[in-house]
Structure formats: structure tokens, C-alpha cells
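Data block below; observations after.
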Amino acid sequence: MSSEAEVKIVEDSEVLGWGSSLPVPSVQELARNDSQCVPERYIQEPEDRPLHSVTTEVLNEIPVINLSKLANGDEDERRNLDTACKEWGFFQVIDHGVSDKVLHAMKAAVAEFFELPLVEKKKYSMAANDFQGYGQGYVVSDEQKLDWNDLLFLITAPPKYKNMKHWPTTITGFREAVEKYSTELQKVGDEIFENLSVLMGMERESLKDIHGVMKLGVRMNYYPACARPDLVLGVSPHSDASSLTLLLQDDDITGLQIKNKEIWVPVKPIPNALVVNIGDALEVLSNGAYKSVEHRAVTNQQIPRISVATFFIPEDELEIGPLDSMVDEEHRPRMFKRIKYLDYLRYTLGRKMEGKSHIDILKLQNM
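Quick note: the sequence shown uses full-length UniProt numbering, first residue 1, plus one each step.
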């Protein structure tokens, strides 16, 4: 990274704090008030619109990992995890130990929040210098195209990072449902991190220890039905700045798509499964062995869709860079520079979603 780029990151972080997003109208209200109208600002440029050429033959090729087998030390399943992270960067997890009751309670809490009147939801709006709260993410200019979704983002762990003013108080059981779900997903994430640690040539706890006190960020998404789903995107193409992301999808609606070999592949939901993807931080730590993958969400004409993305976020002061066990100067030389994670997070939050472009600034060939 050039010194000019480093200065830019520091300048942005001083202005933004952790991050911010400009306030924009609620998409849910736009669709509710006029279900046939798609405002110009939501109509994507022709080259960015959803394509109908996504092939159905690859629907079943998204890897599926059995977490129970991983927890029991199954070496074949661990190799499957390694392959999934290297070749796809995405996989679905079954037998993960999170009860159907917890999953359904989380979905119900999200649905109930978005059913609140707009004036009530606005009580939890994002502050000018914080990405926690209700609104939209990654809106950094008045000119950029907007995504067809509303969101509520909360830090759920550790306790000192919770901003309780953004937690709805009028929904019975909301806090309990979110906290229980977050606690259960922490266990799933821990098991995945421990197995990845072994695959990366370290002790089981090493990768978690390296991350320090991880934060869990929960993004609750609402995608209204859209009269012209061919013109809009629920979420623009991007990779995640986190180390891992665990996604809870609607069981009956396919909206998530990932980019694999330059083809947008739909991730067909498996009931009560969790979708897991590698984030930018883990790609850097693994020296590029494990890939953070470009993904997006599309909409549909008939019914709204919700999803819940839980991000495993490294400690602010962690300096991310390729781990020694993942560097071989002859066969796999160091691919990324070292940077404080919080600086990278602020850099990404200060820009709109643009595929994999954010991580490019960390690649050594850019120096």
C-alpha cells in the first residue's frame, strides 16, 4: 500500500469513528406506498443489474459441511472444510447444534421489528458516526445507486460494545431472542475457527487467540418485494471485512448469490442450515489460501425476504497480516502487508460496496 493510501485511511478514521452511512428513505416504506414504482436512484446501471443467465446446474454444488462431524474430529470432514474455504469461500453448515426454536425466534424477532411503524423504527436510527442502528449501510454519497433493503445492525458481544439505545424495547422478547441466537452462533463460529486453526498448521485455539476479544455484529436485513427485480439489487456485490460471516436465510426464498468462476451462483437455502463465508480478514491471515468471495442479494416480485448475517470481527488493535504458518517464501510468498484491523474496517465502511476492491489495497503488489 502506498503512503498516500495509508494517510487516507487515517484521515477517514479520524472523521468516521468506526464508520457511518448517510441517511436515506426507507425502502420498505417506498414499496408500501407505491408497490409499482422503482425510484431512479435504485435502478442499477445496466452492467450491474441481475442477470437471468445464472445456471441452475450448479445449485447443488455449494459445499455442505456437517459441524457435528467436525466437532467429533472427523478428518474427512475437516478436509472438506479446507476444500470449501479454498475453492468456494462459502459453504452451508448442517447439524450445527443451534435449535430450531432459537433460529425461528430470531427470525420472528427480525420480522416483528420490520413490521413496526416507521416512526417507531426511526427511534433506533444510526447515529452520524456509527454503523449500529436502523438504516442502510455503505451509503457514502448522494449520487451513488442504492440497494433495495433496510437493515438493523447491532453489536451483540462483547457487552462493552453494545449500544443499547439501538435495541428495540417495544418488542416482547426481542433482546432475549437476539442474545440467545448470538450466544449459540458464537459456539458454531468457535468450532469453525478451531478446525481452521488446525488446517492452518496451528493449535486448535491459536486462531481464536490471535483474534483477541472478537466482536459479534448482527445485521438484520429486510428486502421488500420489488415490481422490477431485474433492475435492482438487494445488496450490491461485495466481500465482507470480517473474518467469518454466518448467515441465517429464509428457508423458502433464494436471494443470496455468490460469484464462482465468474458466474453468479444462487445459494439455495437448506432449511435451518447456516451459510458461512470467509471474510477479508481471514483471507489476509491465511495469506490468500482461503478466499473471501464476492456475493450479492437479489429481490423478487412476490414476497419480502429477511436474512440475518452475523459477523465475527477481530479485535480493533489486531494487526492483520499473513500468519507465519501460511507463508512459504519459495512456494507461497507473502501476499499482503500488515495493517491494524480497525484501520481496514474504517476504510471499508467509508466506501460503497464495490466487489473485492477493498481488499486490493492490502495486496503487496500495490505498494
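Glycine included, every Cβ here is placed at the ideal spot set by N, Cα and C.
CB residue i to CB residue j, shorter than 8 Å?
i           : j      : result
Tyr341      : Ile320 : yes
Gly279      : Ser243 : yes
Cys85       : Tyr290 : yes
Arg332      : Leu233 : no
Val275      : Phe90  : yes
Met200      : Ser68  : no
Gly212      : Glu294 : no
Pro229      : Pro117 : no
Pro237      : Ala281 : no
Phe131      : Ser20  : yes
Gln302      : Ala225 : yes
residue 377 : Ala241 : Nothing about residue 377 can be reported from this structure: the residues present for the chain run from 1 to 367 only.
Phe336      : Leu362 : yes
Met214      : Phe312 : yes
Leu81       : Ile65  : yes
Asn195      : Leu70  : yes
Arg79       : Val198 : no
residue 433 : His166 : Residue 433 lies beyond the residue range present for the chain, which begins at 1 and ends at 367; the question has no answer from this structure.
Val178      : Leu216 : no
Gln36       : Leu231 : no
Phe114      : Phe174 : no
Ile339      : Glu283 : no
Tell me the DSSP secondary structure of residue i in three-state form.
i           : result
residue 368 : Within the shown structure, residues of the chain are numbered from 1 to 367, placing residue 368 beyond reach of any answer.
Arg332      : strand
Tyr290      : coil
Phe90       : strand
Tyr134      : strand
Pro43       : The question names Pro, but residue 43 is Ile in the sequence shown. Coil, per DSSP.
Ser125      : strand
Ile361      : coil
Val98       : coil
Asp316      : coil
Thr56       : Note that Thr56 scores 49 on pLDDT, short of 50, meaning its location in the model is unreliable; the coordinates nonetheless yield the value given after this. DSSP places Thr56 in helix when its eight states are reduced to three.
Lys356      : coil
Val64       : strand
Asp343      : helix
Asp324      : helix
Asp82       : helix
Asp76       : helix
Asp150      : strand
Asn33       : helix
Lys107      : helix
Gln28       : helix
Thr348      : helix
Glu143      : coil
Lys165      : helix
Val119      : helix
Lys337      : coil
Met367      : Any reading at Met367 must be qualified, since the residue scores a pLDDT of 40, below 50, and its modelled position is unreliable; no value is offered.
Leu70       : helix
Check each candidate in the options and name the one with the smallest Cα separation from residue i.
i      : options                           : result
Asp74  : Glu40, Glu191, Asp48 and Glu120   : Glu191
Asn168 : Gly137, Ala109, Gly212 and Ala157 : For the record, residue 168 in the displayed sequence is Pro; it is not Asn. Out of Gly137, Ala109, Gly212 and Ala157, Ala109 has the C-alpha closest to the C-alpha of Pro168.
Thr254 : Leu246, Leu248, Lys268 and Ala241 : Lys268
Thr245 : Glu330, Asp343 and Val188         : Val188
Val98  : Pro117, Gly135, Arg175 and Thr183 : Thr183
Tyr134 : Leu318, Glu315, Leu247 and Leu22  : Leu22
Ser292 : Val298, Asn277 and Pro304         : Asn277
Val140 : Phe114, Ser357, Glu115 and Met353 : Met353
Trp31  : Ser357, Glu329, Ile361 and Pro304 : Here residue 31 turns out to be Ala, not Trp, going by the sequence shown. Out of Ser357, Glu329, Ile361 and Pro304, Pro304 has the C-alpha closest to the C-alpha of Ala31.
Arg41  : Glu143, Asp34 and Ala111          : Glu143
Lys122 : Asp316, Thr170 and Ile62          : Thr170
Thr156 : Leu185, Glu87 and Asp34           : Leu185
Asp252 : Leu103, Asp316, Pro271 and Met126 : Pro271
Met202 : Ala128, Val327, Gly350 and Leu154 : Val327
Leu364 : His358, Arg334, Asn300 and Ser357 : Arg334
Ile62  : Gln44, Thr83 and Gln36            : Thr83
Trp88  : Gln257, Phe114 and Ser35          : Gln257
Glu47  : Ala127, Asn300 and Lys145         : Lys145
Asn129 : Gln92, Asn163, Leu248 and Leu323  : Asn163
Leu248 : Phe193, Asp100 and Gly288         : Asp100
Pro266 : Gln92, Phe114 and Gly350          : Gln92
His96  : Tyr181, Glu115, Ala273 and Glu283 : Ala273
Counting pairs of beta carbons, one from the segment 18 to 34 and one from the segment 142 to 150, are three or more of them closer than 8 Å? yes
So, does the segment 208 to 223 touch the segment 261 to 274, judging by three or more C-beta pairs under 8 Å? no
Please list the segments of the alpha helix (DSSP H) lying wholly inside the UniProt domain "Fe2OG dioxygenase" (209 to 314), counting only runs of 4 or more residues, in order along the chain. 280 to 285
Would you be able to state if there are at least three C-beta pairs under 8 Å between the segment 298 to 308 and the segment 105 to 122? yes
As an exercise, report each continuous alpha helix (DSSP H) stretch of at least 4 residues that is fully enclosed by the segment 171 to 213, in chain order. 174 to 199 and 206 to 211
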